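The structure appears below as structure tokens.
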């Protein structure tokens, strides 16, 4: 069970790196889009996060349900924003920075709470 937890955690971190990195490389550009890295990163984070919590619950670990609930709400918001904006030629700066900021907030909650 420990191997499964670590594997899911690794996938979750790879998803974060793809989503955050995909947004970060566009900060200086004139036009911002939802690139494939951001789309696949958001999807990977959502799915691996849900599976990670399931694996922790099955293993009998103590899970901070408030933290997980907040992270889930933030991640669903990010996922929906990415999903709705991924086919557009350009994403508005407000939407782009909301995705970028909420992704950062999600990581901060994971580390500090």
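Numbering (the working numbering), first residue to last: 183 to 295.
The beta carbon of each residue, even a glycine, is placed where N, CA and C say it ideally should be.
Just so you know, these numbers come straight off a predicted model, no measurement behind them.
If you count every other CB in all the chains shown that lies within 10 Å of the CB of residue i, and 16 or more means buried, which is it?
| i | result |
| --- | --- |
| residue 223 | buried |
| residue 210 | exposed |
| residue 231 | buried |
| residue 298 | Given that the chain is displayed from residue 183 to residue 295, the structure contains no residue 298 and the question cannot be resolved. |
For the alpha helix (DSSP H) holding residue i, just list the boundary residues, first then last.
| i | result |
| --- | --- |
| residue 230 | 218-240 |
| residue 288 | 275-294 |
| residue 268 | Per DSSP, residue 268 belongs to no alpha helix (DSSP H) and is neither H nor E. |
| residue 209 | Residue 209 -> no alpha helix (DSSP H), and no H or E assigned at all. |
Mind checking whether residue i and residue j have CB atoms under 8 Å apart?
| i | j | result |
| --- | --- | --- |
| residue 263 | residue 291 | no |
| residue 198 | residue 289 | yes |
| residue 260 | residue 215 | no |
| residue 285 | residue 219 | no |
| residue 187 | residue 234 | yes |
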